[in-house]
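To keep things clear, I will list the structure first and then write my remarks on it.
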Amino acid sequence: MTKQNAFTREELLRCSRGELFGPGNAQLPAPNMLMVDRITHISQEGGKYGKGELVAELDINPDLWFFACHFEGDPVMPGCLGLDAMWQLVGFFLGWQGLPGRGRALGSGEVKFFGQVLPTAQKITYNIHIKRVLKGKLNMAIADGSVSVDGREIYTAEGLRVGVFTSTDNF
61 MTKQNAFTRE ELLRCSRGEL FGPGNAQLPA PNMLMVDRIT HISQEGGKYG
111 KGELVAELDI NPDLWFFACH FEGDPVMPGC LGLDAMWQLV GFFLGWQGLP
161 GRGRALGSGE VKFFGQVLPT AQKITYNIHI KRVLKGKLNM AIADGSVSVD
211 GREIYTAEGL RVGVFTSTDN F
């Protein structure tokens, strides 16, 4: 069976409600914390390491919630939201792989910010390159990612780590 290799906003919203991968499994956050409008490509092969990749997008408009509060008179998307989007996508990858449990970000290595997202931008593109997927007692993915705005790379993160847990009681 061939896995679906792209997802619409409506499908991502289904994922945020726990309807895509089943109850108790990986979910994306609901709006306003959902930082992705669509996944244009997902594969368990390819990417820099040959172990999988995702490409996703977020449309930018000046009415997005964070521009009103970060910062008044100097609106810019918080860099942490771009980082969170990359974690969201690594967790989505685990659910898409069929690994059971609820996703939790577990950290990252080096994160660099060298640009910004302003309300005048058109589109953010996220690129995730899966380095390793661990399957067993701990199901976890390790990936590198980047955030680009209107075709210009502005953030990178190495060693993004996300796990899926069948119980988060002791997390």
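Using the working numbering, the final residue of the sequence shown is 231, and nothing's skipped along the way. Backbone N, C-alpha and C define an ideal beta-carbon position, used for all residues, glycine too.
Residue range G139 to W156 is occupied by the alpha helix (DSSP H) that includes M146, with no beta strand (DSSP E) assigned at that position. Sixteen is the threshold: when 16 or more other Cβ atoms of the shown chains lie within 10 Å of the Cβ of E113, as they do, the residue is buried. E79: not part of any alpha helix (DSSP H); DSSP gives it neither H nor E. Within the model, the alpha-carbon separation for P138 versus F173 is close to 11 angstroms. In the DSSP assignment, F126 falls within the unbroken alpha helix (DSSP H) covering W125 to C129.
Rounded to the nearest whole angstrom, the CA to CA distance from Y109 to L198 is 21 angstroms. DSSP places S206 inside the beta strand (DSSP E), whose first and last residues are N199 to V209.
For D229, the closest C-alpha among the options A116, D204 and R162 is that of R162. In this structure, DSSP gives E132 a state outside helix and strand, which the three-state scheme calls coil. By the Cβ rule, the segment 163 to 170 counts as touching the segment 210 to 222, because three or more pairs are nearer than 8 angstroms. In this structure, A217 keeps its C-beta atom at 8 angstroms or more from the C-beta atom of I120. Straight across, the Cα-Cα distance linking L143 with E213 is about 13 angstroms.
Taking the CA atoms as reference points, F131 sits about 44 angstroms from G196.
Looking at the DSSP output, T185 bridges to E117 and S208. Shown here, L166 sits in a strand according to DSSP, grouped into three states.
Between N65 and the set C129, G78 and Q157, the nearest pair of CA atoms involves Q157.
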